[in-house]
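Asks: These protein sequence lines map, in sequence, to chains A and B.
So the first sequence is numbered by our numbering: it starts at 1 and just counts up by one.
So the second sequence is numbered by our numbering: it starts at 1001 and just counts up by one.
Beta carbons are placed, not taken as given, at the ideal position from N, Cα and C, and that holds for glycine.
One structure is given below, represented as structure tokens, and several questions about it will come after.
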Amino acid sequence: MEEELEYEKIERFILGKMTPEEHADFEKAMESSPHLREKVALHKAIIGLEDEDDWIDFDGDSEILKKETALFRSEETLQFSEKLKEFRNNELHKKSLRRPWLNRSLIGAIAAILIAAIFVFYPKDPTMSSLYEEYHNWEELPSHTTKGDGVNSIKELESLFRSENYNGAIILANSLNITASSPQAWLYIGVSHLELDQYQTAIQSFDHLIQSNSIDFHKGYWYKALTFLKQGDKEKCIEVLKIIVANPTYFSHENAKKLLKELH
Amino acid sequence: MHKEDPFIKGFLGGESDILRKIYIESFPIVLRYIVKRNGSKVEAEDIFQNALVTLFVKLKNKELQVQSFEKYLFTICKNLWRKECSKKRVTNVDTIPLVDESVDLAKFSIEQHQWELYQEKLKELTENCKTLLGMILKKTAYKDIVVFFNYASETVARQRVFKCKSRLIQLIKKDPRYLRLKT
């Protein structure tokens, strides 16, 4: 119980919810207790684990920092760092950033030389994962703002998904059977599985949508293609993309055409 | 990822072909991530370079257990950017005062190691605790947590969070790799 009260105080202190008097008292208590200071620092670090603007702050005065600094100051690290700087200055800044395939019209040896000359920092041969980073966009998932039966659950599902609580979204969807009234929920479920690298269940979810009577059934194909892309299964990804390309009204038709070209 | 892997060997040797491959495949993703968060191209280049140096030190001197070089590099870049944002927020200025770069990177390297430890310990919690803390870390309101878990009240929810957090702290502190944070 005492521990719980202390925890509550720490939370209020971190979140700035103490009165000025309480705050002053708490700081005084911290001054005389390294144990309490450590607890506060740990709580703060845990709260900030997912915060994009926050980072843990290691106590700098220790032998460990000296040892680690020695590694960063070693001759070999400095040499590597210099190589990187040189590489960055010579290649990243001085050469063109144009895509090599823009020069396909240039024929023969001169063209080859020119292509070689401008072959620099652009994804000439992008890996599946960098293509995935480029093409996936969860902002395109349907947003639910209307009112009606079942909509609150799907809004809740969407909100869990948007806050990147993928496990929570899957649990909610399974427990409330949201997909029965809103087949589009399969998209959120599938993409949540995808974010958690659970490819098989992601594919199953998108297949459910494809086989449903929803007017948005075709969206399942695009997200299925993205799943294969992330998984690195080029052949299957191409197979699904071809279905979208063959049907101009299907979701993300233009993206599918572009992606298919890049994969070939 | 092993030191004997030809790709890693090439990276540690600073081979141009390998560096070019890394820049081609990973830099555009990092650039997009940082620019989306109001960073500049130069900042993205600095972050990318510092991440590569950090990775060099880790690979050269420690046993590193990561599945994908590309993913790990991206994680380091994201965390370096978080550190930058956190510094900017604290100092409330756009320009960070110059400090010894080696010390700064060494400090980050230790913090990154601790961050990985925290993540590892989070995964050791029960499914229920993981989901609950996941929601708390994403700043989900207690009233929503009550509905989601079907708790009787917000007090019950807070008690559950307290138990899960205490368990996590216990796991972190028990690990020999745990280091004290700045207090």
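(1) What does E68 (chain A) touch in chain B if you count any residue whose Cβ is under 7 Å from its own?
(2) Report the option in A:N213, A:L196 and A:T249 whose CA atom is closest to the CA atom of W222 (chain A).
(3) What distance in whole Å lies between the Cβ atoms of L1080 (chain B) and A1051 (chain B), which are believed to be in contact at a cut-off of 8 Å?
(4) Against S129 (chain A), what residues of chain B qualify as contacts under a CB-to-CB distance less than 9 Å, listed in chain order?
(5) Is the Cβ of A117 (chain A) closer than 7 Å to any Cβ of chain B?
(6) Would you tell me roughly how many angstroms separate the C-alpha atoms of H264 (chain A) and P1028 (chain B), rounded to the nearest one?
(7) Between the C-alpha atoms of P1176 (chain B) and F161 (chain A), what's the straight-line distance to the nearest angstrom?
(8) Of all the CB atoms in chain A, is at least one closer than 7 Å to the CB of K1083 (chain B)?
(9) Would S182 (chain A) be called buried (16 or more neighbouring beta carbons within 10 Å of its own) or exposed?
(10) Whole angstroms is fine: what's the gap from E1015 (chain B)'s alpha carbon to V1146 (chain B)'s?
(11) So F72 (chain A) contacts chain B; which residues on that side make the cut at Cβ distance below 7 Å?
(12) Counting only C-beta atoms, is L84 (chain A) closer than 7 Å to chain B at any point?
(13) Can you check which of these residues, B:R1160, B:W1115, B:V1030 and B:L1105, is closest to L1073 (chain B) by C-alpha distance?
(14) Can at least three beta-carbon pairs, one atom from the stretch 1122 to 1133 of chain B and one from the stretch 1167 to 1181 of chain B, be found at a separation below 8 Å?
(15) Taking Q278 (chain A) as the reference, which of A:I46, A:E195 and A:D57 has the closest Cα?
(16) Please list, in chain order, the chain B residues whose beta carbon lies closer than 7 Å to that of R88 (chain A).
(17) If the criterion is Cβ atoms closer than 7 Å, does the pair T69 (chain A) and V1103 (chain B) meet it?
(18) With distance defined between alpha-carbon atoms, name the residue in A:I154, A:N174, A:Y135 and A:K236 nearest to I203 (chain A).
(19) Please report the distance separating the alpha-carbon of Q1119 (chain B) from that of E1101 (chain B).
(20) List the residues of chain A that L1168 (chain B) touches, going by C-beta distances under 8 Å, in chain order.
(21) Looking only at C-alpha atoms, which of B:N1150, B:K1062 and B:K1143 sits nearest to H1113 (chain B)?
(22) Tell me the rounded alpha-carbon separation between K1107 (chain B) and F58 (chain A).
Replies: In brief:
(1) A1106, S1109 and I1110
(2) A:T249
(3) 6 Å
(4) E1025, I1029, S1068, E1070 and K1071
(5) With a pLDDT of only 47 at A117 (chain A), under 50, the local geometry of the prediction cannot be trusted, and no value is derived from it.
(6) 21 Å
(7) 35 Å
(8) yes
(9) buried
(10) 55 Å
(11) V1057, S1102, L1105 and A1106
(12) yes
(13) B:V1030
(14) yes
(15) Residue 278 (chain A) is absent from the model: chain A starts at 1 and stops at 264.
(16) E1045 and Q1049
(17) yes
(18) A:K236
(19) 26 Å
(20) I46
(21) B:K1062
(22) 7 Å
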